[in-house]
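Beneath this line is the structure, given in structure tokens, with notes to follow.
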Amino acid sequence: MADDRLARLVDTDRGVIDRTIFTAQDLFEQEQETLFTRAWLLIGHEGMVPEPGDYVASRMGTEPVILTRDRDGKLHAFLNSCRHRGMKVCLFDQGNTRVFTCPYHAWSYGTDGKLVGVPMREKLYPDMDLDRWGLIEVAQLAVYKGTVWATWDADAPPFLDFLGGAKLHLDLALDARDGREGGSEALLGIHKWVVPCNWKLPAENFCGDTYHNPSHASVDMIGIGPSAASGQKGRRDGELDGAQHLWVSFPGGHGIHSAMVASNDYTALYADDPEISDYFRHCHEERVRRKGEDARLRPFVGTIFPNASFHGGQPRALCMWHPVDAGHTEVWRFFLVDADAPERVKAMLRKFYMRYSGPAGMTEQDDMENWNYATAGARGPIASRHPFNYQQSIGRHTPDGGGRLATQITEENARNFYRHWRLFLEGRPWDELIAQAPRQAAE
Ligand code: FES
Ligand code: FE
Numbered sequence: 223m224a225d226d227r228l229a230r231l232v233d234t235d236r237g238v239i240d241r242t243i244f245t246a247q248d249l250f251e252q253e254q255e256t257l258f259t260r261a262w263l264l265i266g267h268e269g270m271v272p273e274p275g276d277y278v279a280s281r282m283g284t285e286p287v288i289l290t291r292d293r294d295g296k297l298h299a300f301l302n303s304c305r306h307r308g309m310k311v312c313l314f315d316q317g318n319t320r321v322f323t324c325p326y327h328a329w330s331y332g333t334d335g336k337l338v339g340v341p342m343r344e345k346l347y348p349d350m351d352l353d354r355w356g357l358i359e360v361a362q363l364a365v366y367k368g369t370v371w372a373t374w375d376a377d378a379p380p381f382l383d384f385l386g387g388a389k390l391h392l393d394l395a396l397d398a399r400d401g402r403e404g405g406s407e408a409l410l411g412i413h414k415w416v417v418p419c420n421w422k423l424p425a426e427n428f429c430g431d432t433y434h435n436p437s438h439a440s441v442d443m444i445g446i447g448p449s450a451a452s453g454q455k456g457r458r459d460g461e462l463d464g465a466q467h468l469w470v471s472f473p474g475g476h477g478i479h480s481a482m483v484a485s486n487d488y489t490a491l492y493a494d495d496p497e498i499s500d501y502f503r504h505c506h507e508e509r510v511r512r513k514g515e516d517a518r519l520r521p522f523v524g525t526i527f528p529n530a531s532f533h534g535g536q537p538r539a540l541c542m543w544h545p546v547d548a549g550h551t552e553v554w555r556f557f558l559v560d561a562d563a564p565e566r567v568k569a570m571l572r573k574f575y576m577r578y579s580g581p582a583g584m585t586e587q588d589d590m591e592n593w594n595y596a597t598a599g600a601r602g603p604i605a606s607r608h609p610f611n612y613q614q615s616i617g618r619h620t621p622d623g624g625g626r627l628a629t630q631i632t633e634e635n636a637r638n639f640y641r642h643w644r645l646f647l648e649g650r651p652w653d654e655l656i657a658q659a660p661r662q663a664a665e
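Just so we're aligned: the sequence shown equals residues 223 to 665 in the numbering used here.
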């Protein structure tokens with residue numbers, strides 16, 4: 223693809239982006255070829271495959287993969303495609319097995335990916351080298367605080383280098399609420415549903431589109447926060463009231479919205495339930511003891527480029543925006559809680575998370591409606607002649623730790639996301655993909 227076409231489509235210096243990038247199937251195919259085969263992608267959580275032989279079906283871009291734990295306890299991710307004719311060797315969402323036996327002609331593969339069984343092999347394939355025909359395995363796999371990430375690119379930098387400065391904010395979502403590193407577990411299963419939108423719209427929304435709050439006016443009025451305290455308004459018990467908001471975009475294309483809150487103490491909200499209020503008091507006190515002033519830094523949302531997002535406070539969720547085609551996205555969502563939280567706290571949070579998120583959640587329905595109509599609204603022959611405006615707070619940021627920091631509502635994170643999208647589609651080398659973003663627009 224000629225670079226000048228991409229330059230015309232994505233002009234982040236002027237804050238103008240062509241609608242075609244959300245609709246054109248040839249660009250979608252280009253994304254699959256040059257982006258989803260190279261970037262680190264979130265594929266699951268260790269808690270989905272705790273025992274040897276456990277597996278869960280996942281995806282990397284449009285391609286199905288199997289995340290599995292072999293008999294020695296090692297994690298692998300394989301393309302879910304038989305080496306004989308490409309049939310899926312695993313037709314189930316999850317389970318436990320000793321071998322993956324292809325339903326078509328019954329070639330069998332171990333949980334370590336090795337080809338271990340070929341019907342009538344001695345007669346039909348007397349010279350076959352089984353070692354050459356195992357399942358196709360990802361080039362690199364990384365486990366980070368329970369989350370599992372993979373890339374097809376052997377030359378990709380280590381996961382933490384790819385993550386860069388976004389690590390601090392992802393940590394806030396993954397760590398226990400009392401400030402310990404790690405200590406969270408996944409509340410399974412996985413919510414999965416297909417949305418008629420381009421995958422980039424939800425990824426962009428989660429990298430810091432705070433401007434879309436009017437979408438949620440109706441659910442804000444009724445108050446669906448996790449506590450049962452009377453008089454509560456909003457969706458999340460006012461966790462960001464009085465906060466100092468921070469939007470940061472990072473060289474890897476990642477973007478986050480976090481906040482310094484007045485206090486992380488939720489105790490009073492649960493005063494009518496001693497077990498739950500004790501838990502929140504314990505979390506608050508331990509967090510302050512461990513982190514001091516930094517205990518006030520609270521995660522809100524973020525996108526780890528390209529298609530993994532987190533909702534870090536309440537609810538506390540990991541999201542995958544799996545591309546299906548230019549106009550459809552398969553959304554995956556699972557939730558996190560502290561592994562050692564009391565069961566009643568976990569049950570209360572599970573109910574709140576489902577009340578908030580997903581196709582039946584009261585908040586996410588608003589977002590999906592926006593993304594669906596935005597995709598449809600990018601398609602028409604007249605509409606597609608007119609680009610989208612991404613000029614909000616342009617230039618209103620400062621360099622910060624290799625990234626760009628804004629303290630007012632901004633689309634800089636979205637501009638950074640699309641700047642990076644363009645670099646991937648241009649096939650740039652890794653040192654450019656994770657290099658510091660150009661500074662010319664910074665104040
Ligand atoms: Fe799998 Fe033939 S396609 S054994
Ligand atoms: Fe929203």
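Ideal placement from N, C-alpha and C gives every residue a C-beta, glycine not left out.
Can you give me the C-alpha to C-alpha distance between Gly602 and Met590, rounded to a whole angstrom?
20 Å
Counting only the same chain and skipping the five closest in sequence on each side, list residues whose C-beta sits under 6 Å from that of Asn594.
Pro418 and Cys419
Since I believe Arg626 is in contact with Asn638 (beta carbons under 8 Å), could you give me their beta-carbon distance rounded to a whole number of angstroms?
7 Å
Since Ile498 is in the alpha helix (DSSP H), which residue starts that stretch and which ends it?
Pro496 to Lys513
Using CA atoms only, rank isn't needed, just tell me which of Met482, Ala561 and Arg555 is closest to Cys505.
Ala561
Per DSSP, what kind of secondary structure is Gln454 in: helix, strand or coil?
coil
Using 7 Å as the cut-off, classify the Cβ of Cys324 as near or not near the heavy atoms of ligand 1, replying yes or no.
A distance criterion of 7 Å places the beta-carbon of Cys324 in contact range of ligand 1, judged by its closest non-hydrogen atom.
Can you tell me which of the three DSSP states Lys422 falls into?
Three-state result, Lys422: helix.
So for Pro621, helix, strand or coil by DSSP?
strand
Might you give, ordered along the chain, the residues of its own chain that have their beta carbon closer than 6 Å to the beta carbon of Lys310, omitting 5 neighbours on each side?
Asn302
Is Cys312 near ligand 1, judged by its Cβ being under 7 Å from some heavy atom?
no
Cutting at 8 Å between CB atoms, please list the residues of its own chain near Ser615, excluding the five before and the five after it.
Ala628, Gln630, Ile631, Thr632, Glu633 and Glu634
I need the DSSP call for Ala166, collapsed to helix, strand or coil.
Lying outside 223 to 665, the shown extent of the chain, residue 166 is not represented and no answer is given.
Assuming contact is defined by CB atoms lying nearer than 8 Å, are Tyr575 and Ala539 in contact in what I supplied?
Cβ distance < 8 Å, so Tyr575 and Ala539 count as in contact.
Which of the three DSSP states, helix, strand or coil, is assigned to Ser615?
coil
Between which two residues does the alpha helix (DSSP H) holding Met584 run?
Premise fails: Met584 is in no alpha helix (DSSP H) and is neither H nor E.
Report yes if the C-beta distance between Asp588 and Gln536 is below 8 Å; otherwise report no.
In this structure, Gln536 does not lie closer than 8 Å to Asp588 by Cβ.
Whole angstroms is fine: what's the gap from Asp353's alpha carbon to Cys324's?
17 Å
Does Asp225 pass the burial test, meaning 16 or more other C-beta atoms within 10 Å, or should it be called exposed?
exposed
Which value, in whole angstroms, describes the spacing of the CA atoms of His689 and Leu423?
Not covered by the structure: residue 689. The range shown for the chain is 223 to 665.
My output table needs one value for Pro537: the three-state DSSP class, helix, strand or coil.
Three-state DSSP puts Pro537 in coil, outside helix and strand.
With 16 other CB atoms within 10 Å as the buried threshold, where does Asp494 fall?
That one is exposed.
Is the CB-CB distance between Leu264 and Trp371 below 8 Å?
yes
Indicate, with yes or no, if ligand 1 has a heavy atom lying under 7 Å from the CB of Met309.
yes
Looking only at its own chain, which residues have a Cβ that is under 8 Å from the Cβ of Ala376, when we skip the five neighbours before and after it?
Short of 8 Å from the beta carbon of Ala376, and not among the five residues preceding or following it, lie these beta carbons of its own chain, in chain order: Ala361 and Gln362.
Going by C-alpha to C-alpha distance, which of Leu257, Arg260, Gly269 and Gly335 sits closest to Asp294?
Sorting Leu257, Arg260, Gly269 and Gly335 by C-alpha distance to the C-alpha of Asp294 places Gly335 at the top.
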